[in-house]
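**Q** Have a look at this one.
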């Protein structure tokens, strides 16, 4: 429209840049802090410009850890987070896609009750059943294990619903044609349905990876050994000690490292990310 | 009431693409002007520029003696009917029509009268409280019309308002629109890609192609004397037969001197005959296909190999194919060789590039 | 909603749903059931003796003014977080919705905080606004504000709300962008021709047409504020000072882990479950409505 030219456009640009500044500022502070000397920060003298300790701080963070509170190299924490995130993402996609396949492409007694049993789990976030779940995992001797970290977070209805919805839109003729071509349930799944679901799987993977990497309460409960800590838990433990003793540059470096993989995924795979986000919320 | 004048209007997008390349049109007060052309020809862009929804990058748009290039759509005193109707989905039919009046601070009583009157004319009175989603396509179209009428604007703008309706309703609404416009005698600009709609509605027909005006005029005059081969093949269905013709043929067959050019003959101007009318042309054809539609019949014939020198506008006519329209349903069998001829007065001659009509 | 073309097999479908069913039953239904049973039990701190006490855990909870305060606090937090985050996100989305140079870059620069984990959000904000060493605290003090969220409950609450709202901006922004894109451009053009100025156009056309998105986001934001703020609170304030930043979920955790009061913690879990079910129900009803809109 005529009115959109000129002045209004400048306003829009300015507002957006202010928004970006607000959004980015805390992270900028973290990056800057991770390159400075701890004594300076502890005195409240922190500069808003990068300092000269980048390599030394990140080296210590990644390979050594704090000298006081956790003493666990962050590289190891990141490995734990990565394994957990991958297990959750891959596991969830795998079991959801096959159960959606069963529910959509077969008729069998108790089909709908089973669907509802899975569906209702949407309403039971891990936070509301936290202690009993902890007890079960403990009884199954899965504390401090990758299985214990991932399994309780694997089964939820969102992914199953998403695949079910997608399968419903796949034309019936595809199955009929495959059947005429002599394909059974396995072949049809492997040769037709799986390739068709590729984009959906990728979008889901992006979202699930981020959610998995960012898990907090559950790992907090079930990891007791330092070498099983995820990076999110590690950060919290670094701050446990008296404020005066907190090694802020290392905490901030850990925060930056904790953000890096999921932020990279969002930025690099933006299309898939947006698609995954919108699809899983439907 | 106002006339609309476009003076050398241009639109160039920031990327450098020229959507409108200098258009001059003058629509008199109360006239119904139709912009017609294939998709992508710029007709909708031009209309949206008149509405103020697109900026003008060159030339002047003048509504009722006032240059409106920099004027907001709201202040141009125009009303527009959109292709997808653009009804406010969250407002009732009444509020859809009343919205523009309320924005202008009109009193509720006056709004009631105007909307009531428009609803009566458009037979929407019983639906005023409904939401757009509860209406049929034709009813929505009428609400969109009503929204324009209640404003009593200087100019109506229509952007392909009938293209979302089925064929039968489209014809009925076409007649309605024409009647309504006559009664209100409000200056109107109407965009369509349907040449039949354009022919039947227009006082002034503007044929556009590639961001330029190909021809402006009374619809029948445009039909009878198309200015370019583009207009010749765009206006009229089935399209005019176009074939290239050599300079010596022009001389021998038509008796007039000139360069090589393009000869055009409308399908209905042929007759099946063994004679060659003096000054006219005759073509030997082999019947390839027959289409019987009841009152008339179309014969698709191919010319002998050595006669194939057709093709003014690529894609309009397969090379060598000629369409002949004859009345009734009697037709020669497929495969038969026939001879068709057209009289001198029915021949159209164009320059070799198809851009100029030669009055020979 | 049923497929017409299907496979015939007696056992295969059960094998296909079995893994998910097993995990769901073991890690969802069994613990949820345990939570319900636990909520009717009284257990001493060492787990040596348990007794069945019917609804005593519930009556005790619901007659406890502290619990009531926590409920009120949680809802206040939720609305404060939702309101601030939604309004900022809506403003940014409306600005970014215009066709303009660099639109894609703006989008990228605004959506990435979605990927920042709640505990990291907590760390970032607590560091920035730490009373003695925070870079922003200096300016607050210079402006004459006695800034100490470690001692002042209201300031701590503000801090948590700010941090939580900050993280949620990107999510809301994305959905607002999608919502805005779904509004037909011609409807806005029609409104412009109908004489509505940009502001009026926004409030009479854009905003009403966006209301399904707003409602959806409101529910999502409340659920987010209920559950996902746990990580933020745990790294920022641990629910303190006093109880000034303790939400319902944090209280479940606190009472169970630190207080060792498993019965009460379980009863709280059950109450939370009911709240989630109600919220999800509202959301589903609304989603159905949206389809016909």
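Protein chains in written order, with this note's numbering: chain A, 9 to 290; chain B, 19 to 378; chain C, 69 to 361. Beta carbons: idealized from backbone N, C-alpha and C, even for Gly.
For residue 93 of chain A, list the residues DSSP reports as bridge partners.
**A** Position 85 of the first chain holds residue 93 of chain A. Answer is none; residue 93 of chain A lacks a bridge partner.
**Q** With C-beta atoms as the reference, is residue 364 of chain C less than 8 Å away from residue 332 of chain C?
**A** Past the edges of chain C, shown from 69 to 361, lies residue 364 of chain C, and the structure says nothing about it.
**Q** Could you tell me the distance, in whole angstroms, from the CA atom of residue 23 of chain A to the CA atom of residue 301 of chain C?
**A** Start at 1 with the first residue of the first chain, and residue 23 of chain A comes out as number 15. Start at 1 with the first residue of the third chain, and residue 301 of chain C comes out as number 233. Roughly 30 Å between the two C-alpha positions.
**Q** Report yes or no: do three or more beta-carbon pairs, one from the segment 258 to 273 of chain A and one from the segment 179 to 194 of chain A, lie closer than 8 Å?
**A** These segments do not touch.
**Q** Would residue 294 of chain C be called buried (16 or more neighbouring beta carbons within 10 Å of its own) or exposed?
**A** If you number the third chain from 1, residue 294 of chain C lands on position 226. It counts as buried.
**Q** Which term fits residue 130 of chain B, buried or exposed, when burial requires 16 or more other beta carbons within 10 angstroms of its beta carbon?
**A** Position 112 of the second chain, counted from the first residue, corresponds to residue 130 of chain B. Residue 130 of chain B comes out exposed.
**Q** Can you pull the chain A residues whose beta carbon is under 7 Å from the beta carbon of residue 324 of chain C, in chain order?
**A** Here residue 324 of chain C corresponds to residue number 256 of the third chain, with the count starting at 1. Chain A residues near residue 324 of chain C: 139.
**Q** Thinking C-alpha only, which one of B:236, B:288 and B:82 is nearest residue 303 of chain B?
**A** Position 285 of the second chain, counting from 1, holds the residue named residue 303 of chain B. Per the Cα distances, B:288.
**Q** For a quick check, are the C-beta atoms of residue 230 of chain B and residue 245 of chain B less than 8 Å apart?
**A** Here the question's residue 230 of chain B lines up with position 212 in the second chain. Here the question's residue 245 of chain B lines up with position 227 in the second chain. In this structure, residue 245 of chain B does not lie closer than 8 Å to residue 230 of chain B by Cβ.
**Q** Where does residue 286 of chain B fall in DSSP's three states?
**A** Stepping through the second chain from its first residue, residue 286 of chain B is reached at position 268. Residue 286 of chain B falls in the helix class under three-state DSSP.
**Q** Taking only beta-carbon positions, decide if residue 67 of chain A is within less than 8 Å of chain C.
**A** Mapped onto the first chain, residue 67 of chain A falls at position 59. Residue 67 of chain A does not count as touching chain C.
**Q** Between the Cα of residue 257 of chain B and those of B:238, B:284, B:277 and B:240, spot the shortest distance and give me the residue it belongs to.
**A** Here residue 257 of chain B is taken as the residue at index 239 of the second chain, counted from 1. Comparing Cα positions, the closest option is B:284.
**Q** According to DSSP, is residue 358 of chain B part of a helix, a strand, or is it coil?
**A** Within the second chain, numbered from 1, the residue matching residue 358 of chain B stands at position 340. Strand at residue 358 of chain B.
**Q** Any contact between the segment 31 to 46 of chain B and the segment 81 to 92 of chain A? By contact I mean 3 or more CB pairs, one from each, below 8 Å.
**A** Result no; under three Cβ-Cβ pairs closer than 8 Å.
**Q** Against residue 165 of chain C, what residues of chain B qualify as contacts under a CB-to-CB distance less than 7 Å, listed in chain order?
**A** As a first step, residue 165 of chain C must be located in the third chain, where it is residue number 97. Ordered by position in chain B, no residue passes the 7 Å Cβ test against residue 165 of chain C, which lies about 16 Å from the chain.
**Q** Have a look at the DSSP bridge pairing and note the partners of residue 131 of chain C.
**A** Locating residue 131 of chain C in the third chain gives position 63, where the first residue counts as 1. According to DSSP, residue 131 of chain C bridges with nothing at all.
**Q** Under a CB-based cut-off of 8 Å, is residue 180 of chain A close to chain C?
**A** By 1-based counting over the first chain, the position of residue 180 of chain A is 172. So yes, residue 180 of chain A belongs to the interface.
**Q** Between the Cα of residue 159 of chain C and those of A:21, A:228 and A:281, spot the shortest distance and give me the residue it belongs to.
**A** Numbered from its first residue, the third chain carries residue 159 of chain C at position 91. Ranking the options by Cα distance to residue 159 of chain C, first place goes to A:21.
**Q** With DSSP as the reference, label residue 335 of chain B as helix, strand or coil.
**A** What you label residue 335 of chain B is simply residue 317 of the second chain in a count that begins at 1. Its pLDDT being 38, under 50, residue 335 of chain B is placed unreliably by the model, and nothing is read from it.
**Q** For residue 341 of chain B, list the residues DSSP reports as bridge partners.
**A** On the second chain, position 323 is the one that residue 341 of chain B refers to. Per DSSP, B:318.
**Q** Can you have a look at residue 168 of chain B and say buried or exposed, based on whether 16 or more other CB atoms are within 10 angstroms of its CB?
**A** If you number the second chain from 1, residue 168 of chain B lands on position 150. Residue 168 of chain B should be labelled buried.
**Q** Less than 8 Å between CB atoms is the rule here; does residue 255 of chain C satisfy it with respect to chain B?
**A** Mapped onto the third chain, residue 255 of chain C falls at position 187. Yes, residue 255 of chain C lies at the interface with chain B (some Cβ there is under 8 Å from its Cβ).
**Q** Determine the DSSP secondary structure at residue 103 of chain B, reduced to helix, strand or coil.
**A** Within the second chain, the letter at position 85 stands for residue 103 of chain B. Reduced to three states, the DSSP call for residue 103 of chain B is coil.
**Q** Decide if residue 324 of chain C is buried, meaning its Cβ has at least 16 other Cβ atoms within 10 Å, or exposed.
**A** The residue labelled residue 324 of chain C in the question sits at position 256 within the third chain. The residue is buried, with at least 16 neighbouring Cβ atoms inside 10 Å.
**Q** Once you ignore the five residues that flank residue 345 of chain C on each side, which residues in its own chain have a CB closer than 7 Å to its CB?
**A** Numbered from its first residue, the third chain carries residue 345 of chain C at position 277. The answer is none, since no qualifying residue turns up.
**Q** Is there a Cβ of chain A sitting closer than 8 Å to that of residue 302 of chain C, yes or no?
**A** Numbered from its first residue, the third chain carries residue 302 of chain C at position 234. Output row for residue 302 of chain C: interface = yes.
**Q** How would you list, in chain order, the residues of chain B whose beta-carbon sits under 7 Å from the beta-carbon of residue 263 of chain C?
**A** Residue mapping note: residue 263 of chain C aligns to position 195 of the third chain, counting from 1. The contacting residues are 92, 118, 121 and 122.
**Q** Note down the Cα distance separating residue 139 of chain A from residue 212 of chain C, rounded to an integer number of angstroms.
**A** Mapped onto the first chain, residue 139 of chain A falls at position 131. Mapped onto the third chain, residue 212 of chain C falls at position 144. Looking at the two C-alpha atoms, the distance is approximately 45 Å.
**Q** Count the other CB atoms within 10 Å of the CB of residue 333 of chain B; is the residue buried (16 or more) or exposed (fewer)?
**A** Along the second chain, read from residue 1 onward, the residue named residue 333 of chain B stands at position 315. Any reading at residue 333 of chain B must be qualified, since the residue scores a pLDDT of 31, below 50, and its modelled position is unreliable; the value itself is stated next. Looking at its Cβ environment, which holds fewer than 16 other Cβ atoms inside 10 Å, residue 333 of chain B is exposed.
**Q** Does the segment 49 to 64 of chain A touch the segment 26 to 35 of chain A, meaning 3 or more C-beta pairs lie closer than 8 Å?
**A** Flag = no, the segment 26 to 35 of chain A and the segment 49 to 64 of chain A do not touch.
**Q** What separation, rounded to the nearest whole angstrom, lies between the Cα atoms of residue 284 of chain A and residue 205 of chain C?
**A** In the first chain, the residue the question calls residue 284 of chain A occupies position 276. In the third chain, the residue the question calls residue 205 of chain C occupies position 137. Whole-angstrom Cα-Cα distance: 38 Å.
**Q** Would you check if the distance between the CB atom of residue 212 of chain A and the CB atom of residue 167 of chain A is smaller than 8 Å?
**A** To locate residue 212 of chain A, count along the first chain from 1; it is residue 204. To locate residue 167 of chain A, count along the first chain from 1; it is residue 159. Yes.
**Q** What is the DSSP secondary structure of residue 360 of chain C, counted as helix, strand or coil?
**A** As a first step, residue 360 of chain C is located in the third chain; it is residue number 292 there, counting from the start. Model confidence at residue 360 of chain C stands at a pLDDT of 37, short of 50, so the residue's coordinates are unreliable and nothing is read from them.
**Q** Who does residue 177 of chain B pair with in a DSSP beta bridge?
**A** Looking up residue 177 of chain B in the second chain gives position 159. DSSP output for residue 177 of chain B lists B:209 as bridge partner(s).
**Q** Any C-beta of chain A sitting closer than 8 Å to the C-beta of residue 273 of chain C?
**A** The sequence position of residue 273 of chain C within the third chain is 205, counting from 1. No - not a single Cβ of chain A is within 8 Å of the one on residue 273 of chain C.
**Q** Kindly provide the ranges of any beta strand (DSSP E) runs that are 3 or more residues long and lie completely inside the segment 23 to 48 of chain B, ordered along the chain.
**A** For the segment 23 to 48 of chain B, whole beta strand (DSSP E) runs of length 3 or above, ordered along the chain, are 36 to 45.
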